[in-house]
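Engineer: Here it is: the structure, laid out below.
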Amino acid sequence: MKTTFRSGINSLIALVLGLFGFGCSACLCKYGVPHGDIDVSGTVTDQESKQPIENIRITIKSNEEYAHYDEPAFPETYTETDGRYHAGHSYESWPFSQLKIVAEDTSGVYGADSTIVNLEYKEDAHSLGDSWNKGKASVRQDFQLKKK
Numbered sequence: 025m026k027t028t029f030r031s032g033i034n035s036l037i038a039l040v041l042g043l044f045g046f047g048c049s050a051c052l053c054k055y056g057v058p059h060g061d062i063d064v065s066g067t068v069t070d071q072e073s074k075q076p077i078e079n080i081r082i083t084i085k086s087n088e089e090y091a092h093y094d095e096p097a098f099p100e101t102y103t104e105t106d107g108r109y110h111a112g113h114s115y116e117s118w119p120f121s122q123l124k125i126v127a128e129d130t131s132g133v134y135g136a137d138s139t140i141v142n143l144e145y146k147e148d149a150h151s152l153g154d155s156w157n158k159g160k161a162s163v164r165q166d167f168q169l170k171k172k
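This is the structure:
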């Protein structure tokens with residue numbers, strides 16, 4: 025009887041430790057997760073006049089099979105008065121290898137355009153001699169939008 029009771033208590037303790045003991049954020053600090061820095065920039069211009077277009081929404085999403093396609097990978101950004109945009113993001117998770125960049129005019133004057141880019145990471149201070157961290161990837165993607 026004592027053996028069965030102890031076995032039951034041990035099973036309960038193991039269950040509690042399994043549910044709560046290993047789900048802590050301290051484990052992430054101890055063992056780490058992959059890291060990658062991605063920098064995306066470019067300009068948006070009118071296809072005919074070649075003039076910069078202000079206030080074009082730039083949405084950057086992962087194009088990975090395992091990612092949530094509807095969730096932007098980066099914070100949404102808009103072009104400045106000179107048509108330039110810039111978005112950067114640091115990942116403390118699995119860094120993406122492919123992004124989908126979408127440029128769309130919220131005013132409806134221009135049609136949307138999008139492209140898929142492959143990321144090539146280069147070593148940086150975080151990744152030097154480390155196969156776990158990806159390093160830094162920079163992408164320059166320009167768009168020429170056509171009026172509707």
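Position one of the sequence shown corresponds to residue 25 (the working numbering), numbered consecutively onward.
Here a beta-carbon is modelled for each residue, glycine too, at the ideal position from N, C-alpha and C.
1. Using the three-state DSSP reduction, which class does Ile77 fall into: helix, strand or coil?
2. Taking the beta strand (DSSP E) that Leu143 belongs to, which residues open and close that run?
3. Would Asp61 pass as a contact of Ser114 if the rule is Cβ separation under 7 Å?
4. What's the gap between the Cα of Gln165 and the Cα of Thr67?
5. Between the Cα of Val141 and the Cα atoms of Gln168, Asn87, Lys171, which residue gives the shortest distance?
6. Smallest Cα separation from Ile82: which of Lys124, Asp70, Val133, Tyr145?
7. Quick one: what's got a C-beta closer than 8 Å to Gly112's C-beta in the same chain, skipping five residues either side?
8. In angstroms with no decimal places, state the Cα-to-Cα distance between Asp70 and Glu100.
9. Taking the continuous beta strand (DSSP E) assigned at Tyr115, which residues delimit it?
10. Span of the beta strand (DSSP E) holding Thr105?
11. Looking at Lys160: is its Cβ nearer than 7 Å to the Cβ of Lys146?
12. May I have the straight-line CA-CA distance separating Val133 from Phe120, to the nearest angstrom?
13. Alpha carbon to alpha carbon, what distance is there between Glu78 and Tyr109?
14. Alpha carbon to alpha carbon, how far is Gln122 from Lys85? Give it in angstroms, no decimals.
Structural biologist: By the coordinates alone:
1. In the structure shown, Ile77 falls within a coil segment according to DSSP collapsed to helix, strand and coil.
2. It is not in any beta strand (DSSP E) - Leu143 carries neither H nor E in the DSSP assignment.
3. Yes, the pair counts as a contact, with Cβ atoms nearer than the cut-off.
4. 7 Å
5. Asn87
6. Lys124
7. Asp61, Ile62, Asp63, Val64, Phe98
8. Annotation: Asp70 to Glu100 spans about 21 Å, alpha carbon to alpha carbon.
9. 108-115 is the extent of the beta strand (DSSP E) around Tyr115.
10. Counting along the chain, Thr105 falls outside any beta strand (DSSP E), and DSSP gives it neither H nor E.
11. Between Lys160 and Lys146, the C-beta gap is smaller than 7 Å, which places the two residues in contact.
12. 32 Å
13. Each residue's alpha carbon lies about 10 Å from the other.
14. 9 Å
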